[in-house]
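In the numbering used here, the protein residues as written are 17 to 182.
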Amino acid sequence: HLLMAEADIPYRLVGGMAVYIHVAERDPLSARLTADVDAAIDRAYLPAVIAAASKIGWTYRHTAVVGMLVEADRPKARSAVHLVFLNEKVRPNYLESVPSSPPTSTEQGILLAPVIDLVRMKLTSYRLKDRVHLQDLDQVGLITPEIESQLSQALLSRLAEVRASE
(Lines of atoms letter the chains of each structure in order from A; the text may use other names.)
(Lines give C-alpha, C1' and ligand atoms only; values in the text may rest on other atoms or scores of the structure.)
Protein backbone atom coordinates (compact mmCIF):
# COMPACT_ATOMS: atom_id res chain seq x y z
CA HIS A 17 0.00 0.00 0.00
CA LEU A 18 2.66 2.49 1.02
CA LEU A 19 4.77 1.75 -2.04
CA MET A 20 1.92 2.60 -4.42
CA ALA A 21 0.57 5.49 -2.36
CA GLU A 22 3.95 7.18 -1.95
CA ALA A 23 4.64 6.84 -5.68
CA ASP A 24 1.14 8.21 -6.43
CA ILE A 25 0.21 5.08 -8.39
CA PRO A 26 -3.51 4.28 -8.58
CA TYR A 27 -4.09 0.72 -7.38
CA ARG A 28 -6.54 -1.45 -5.53
CA LEU A 29 -5.96 -4.62 -3.54
CA VAL A 30 -7.73 -7.61 -5.03
CA GLY A 31 -7.66 -11.31 -4.22
CA GLY A 32 -7.53 -12.93 -0.82
CA MET A 33 -6.18 -9.92 1.07
CA ALA A 34 -9.01 -7.71 -0.17
CA VAL A 35 -11.56 -10.39 0.70
CA TYR A 36 -9.96 -10.69 4.15
CA ILE A 37 -10.30 -6.96 4.82
CA HIS A 38 -13.91 -6.75 3.58
CA VAL A 39 -14.92 -9.82 5.62
CA ALA A 40 -13.01 -8.68 8.73
CA GLU A 41 -14.91 -5.38 8.70
CA ARG A 42 -18.15 -7.39 9.08
CA ASP A 43 -16.93 -10.29 11.25
CA PRO A 44 -13.24 -10.51 12.20
CA LEU A 45 -13.57 -14.17 13.24
CA SER A 46 -14.75 -15.16 9.74
CA ALA A 47 -11.76 -13.63 7.94
CA ARG A 48 -8.95 -15.83 6.54
CA LEU A 49 -5.55 -14.32 5.84
CA THR A 50 -3.51 -15.23 2.76
CA ALA A 51 0.27 -15.19 2.42
CA ASP A 52 0.51 -13.09 -0.73
CA VAL A 53 -0.99 -9.81 -1.83
CA ASP A 54 -2.69 -9.18 -5.17
CA ALA A 55 -2.95 -5.67 -6.57
CA ALA A 56 -4.66 -4.42 -9.71
CA ILE A 57 -3.20 -1.50 -11.63
CA ASP A 58 -3.51 0.04 -15.05
CA ARG A 59 -0.77 -1.47 -17.24
CA ALA A 60 0.47 2.06 -18.06
CA TYR A 61 1.70 2.36 -14.44
CA LEU A 62 3.86 -0.79 -14.54
CA PRO A 63 7.17 1.09 -15.18
CA ALA A 64 6.43 3.40 -12.21
CA VAL A 65 5.61 0.41 -9.99
CA ILE A 66 8.86 -1.33 -10.97
CA ALA A 67 10.87 1.83 -10.31
CA ALA A 68 9.23 2.42 -6.91
CA ALA A 69 9.72 -1.22 -5.89
CA SER A 70 13.40 -1.20 -6.81
CA LYS A 71 13.98 1.70 -4.39
CA ILE A 72 12.98 -0.56 -1.47
CA GLY A 73 14.85 -3.70 -2.56
CA TRP A 74 12.10 -5.42 -4.51
CA THR A 75 12.31 -6.60 -8.09
CA TYR A 76 9.76 -7.35 -10.79
CA ARG A 77 9.38 -10.84 -12.21
CA HIS A 78 6.95 -11.91 -14.90
CA THR A 79 5.49 -15.40 -14.78
CA ALA A 80 3.33 -17.18 -17.32
CA VAL A 81 0.21 -15.75 -15.66
CA VAL A 82 0.99 -12.60 -13.68
CA GLY A 83 3.79 -10.23 -12.88
CA MET A 84 5.00 -10.03 -9.32
CA LEU A 85 7.11 -7.93 -7.05
CA VAL A 86 9.44 -9.98 -4.86
CA GLU A 87 12.17 -9.18 -2.40
CA ALA A 88 15.35 -9.14 -4.50
CA ASP A 89 17.35 -11.14 -1.96
CA ARG A 90 14.50 -13.60 -1.10
CA PRO A 91 12.31 -14.00 -4.19
CA LYS A 92 9.41 -16.18 -3.02
CA ALA A 93 6.11 -16.23 -4.90
CA ARG A 94 4.08 -16.92 -1.74
CA SER A 95 5.15 -13.63 -0.14
CA ALA A 96 5.07 -11.62 -3.36
CA VAL A 97 2.83 -8.82 -4.52
CA HIS A 98 1.09 -10.24 -7.58
CA LEU A 99 0.08 -7.66 -10.16
CA VAL A 100 -2.93 -7.96 -12.44
CA PHE A 101 -4.03 -5.37 -14.93
CA LEU A 102 -7.33 -3.55 -14.96
CA ASN A 103 -9.60 -4.26 -17.94
CA GLU A 104 -7.45 -7.23 -19.02
CA LYS A 105 -8.05 -10.94 -18.57
CA VAL A 106 -5.60 -12.61 -16.18
CA ARG A 107 -5.75 -15.74 -18.35
CA PRO A 108 -7.00 -15.83 -21.93
CA ASN A 109 -9.68 -18.42 -21.11
CA TYR A 110 -11.22 -16.41 -18.25
CA LEU A 111 -14.82 -15.33 -18.69
CA GLU A 112 -14.19 -11.70 -17.74
CA SER A 113 -11.44 -9.11 -17.45
CA VAL A 114 -10.24 -7.58 -14.18
CA PRO A 115 -12.94 -4.99 -13.33
CA SER A 116 -11.99 -1.37 -12.86
CA SER A 117 -14.71 0.07 -10.64
CA PRO A 118 -13.48 2.88 -8.39
CA PRO A 119 -11.80 1.42 -5.30
CA THR A 120 -13.09 1.72 -1.77
CA SER A 121 -10.82 2.86 1.05
CA THR A 122 -10.25 1.47 4.53
CA GLU A 123 -9.88 3.75 7.55
CA GLN A 124 -6.10 3.35 7.11
CA GLY A 125 -6.30 4.55 3.50
CA ILE A 126 -5.73 1.16 1.87
CA LEU A 127 -7.53 1.00 -1.48
CA LEU A 128 -9.60 -2.12 -2.08
CA ALA A 129 -11.54 -3.45 -5.02
CA PRO A 130 -15.23 -3.13 -4.19
CA VAL A 131 -17.04 -6.34 -3.31
CA ILE A 132 -18.75 -6.57 -6.72
CA ASP A 133 -15.36 -6.59 -8.44
CA LEU A 134 -14.00 -9.24 -6.05
CA VAL A 135 -17.05 -11.43 -6.61
CA ARG A 136 -16.61 -11.13 -10.38
CA MET A 137 -12.90 -11.96 -10.15
CA LYS A 138 -13.41 -14.90 -7.80
CA LEU A 139 -16.20 -16.33 -9.96
CA THR A 140 -14.03 -15.84 -13.04
CA SER A 141 -10.91 -17.61 -11.73
CA TYR A 142 -13.00 -20.14 -9.80
CA ARG A 143 -10.19 -22.08 -8.14
CA LEU A 144 -10.86 -23.82 -4.82
CA LYS A 145 -9.46 -20.89 -2.83
CA ASP A 146 -11.65 -18.50 -4.85
CA ARG A 147 -14.74 -20.54 -4.03
CA VAL A 148 -13.78 -20.48 -0.33
CA HIS A 149 -13.35 -16.69 -0.51
CA LEU A 150 -16.82 -16.44 -2.09
CA GLN A 151 -18.25 -18.51 0.76
CA ASP A 152 -16.59 -16.15 3.24
CA LEU A 153 -18.05 -13.07 1.52
CA ASP A 154 -21.47 -14.70 1.35
CA GLN A 155 -21.40 -15.89 4.97
CA VAL A 156 -21.12 -12.32 6.27
CA GLY A 157 -23.79 -11.00 3.89
CA LEU A 158 -21.56 -9.17 1.42
CA ILE A 159 -22.95 -10.89 -1.68
CA THR A 160 -26.24 -9.05 -1.80
CA PRO A 161 -29.13 -9.26 -4.30
CA GLU A 162 -27.83 -5.96 -5.73
CA ILE A 163 -24.45 -7.57 -6.45
CA GLU A 164 -26.11 -10.67 -7.88
CA SER A 165 -28.16 -8.49 -10.25
CA GLN A 166 -24.91 -7.21 -11.81
CA LEU A 167 -23.51 -10.66 -12.62
CA SER A 168 -23.70 -12.41 -15.98
CA GLN A 169 -25.67 -15.65 -16.22
CA ALA A 170 -22.43 -17.65 -16.39
CA LEU A 171 -21.16 -16.10 -13.15
CA LEU A 172 -24.56 -16.51 -11.46
CA SER A 173 -24.43 -20.22 -12.31
CA ARG A 174 -21.03 -20.49 -10.67
CA LEU A 175 -22.29 -18.63 -7.59
CA ALA A 176 -25.17 -21.09 -7.35
CA GLU A 177 -22.63 -23.97 -7.46
CA VAL A 178 -20.61 -22.37 -4.66
CA ARG A 179 -23.72 -21.96 -2.53
CA ALA A 180 -24.85 -25.53 -3.21
CA SER A 181 -21.48 -26.87 -2.01
CA GLU A 182 -21.62 -25.16 1.40
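All C-beta atoms in this analysis are idealised placements derived from N, C-alpha and C, irrespective of residue type, glycine included.
Any contact of the region 60 to 67 with the region 133 to 151, i.e. 3+ C-beta pairs under 8 angstroms?
no
Give the range of the beta strand (DSSP E) segment to which GLY31 is assigned.
What you label residue 31 is simply residue 15 of the sequence shown in a count that begins at 1. Taken as a continuous stretch (DSSP letters only), GLY31 belongs to no beta strand (DSSP E), being part of the alpha helix (DSSP H) at 31 to 42.
Nearest residue (CA-CA) to VAL82, options GLY73, ALA56, SER70:
In the sequence shown, the residue the question calls residue 82 occupies position 66. Closest by alpha carbon: ALA56.
Expressed to the nearest angstrom, what Euclidean distance is found between the alpha-carbon atoms of VAL156 and SER168?
On the sequence shown, position 140 is the one that residue 156 refers to. On the sequence shown, position 152 is the one that residue 168 refers to. One C-alpha to the other measures close to 22 angstroms.
Buried or exposed (CB count within 10 angstroms, at least 16 for buried), ILE72:
As a position in the sequence shown, residue 72 is number 56, starting the count at 1. By the neighbour-count rule (16 or more Cβ atoms within 10 Å), ILE72 is not buried but exposed.
Anyone know if the C-beta pair for LYS138 and VAL35 falls short of 9 angstroms?
For the purposes of this step, residue 138 is identified with residue 122 of the sequence shown, where counting begins at 1. For the purposes of this step, residue 35 is identified with residue 19 of the sequence shown, where counting begins at 1. Yes, they are a contact pair.
Please list, in chain order, all residues of the same chain as VAL53 whose beta carbon is under 8 angstroms from its beta carbon, the five residues on each side excluded.
Position 37 of the sequence shown, counting from 1, holds the residue named residue 53. Cβ neighbours of VAL53 beyond the five flanking positions: LEU29, GLY31, MET33, ALA96, VAL97, HIS98.
Straight-line CA distance for GLU182 to SER70?
As a first step, residue 182 is located in the sequence shown; it is residue number 166 there, counting from the start. As a first step, residue 70 is located in the sequence shown; it is residue number 54 there, counting from the start. C-alpha separation (whole angstroms): 43 angstroms.
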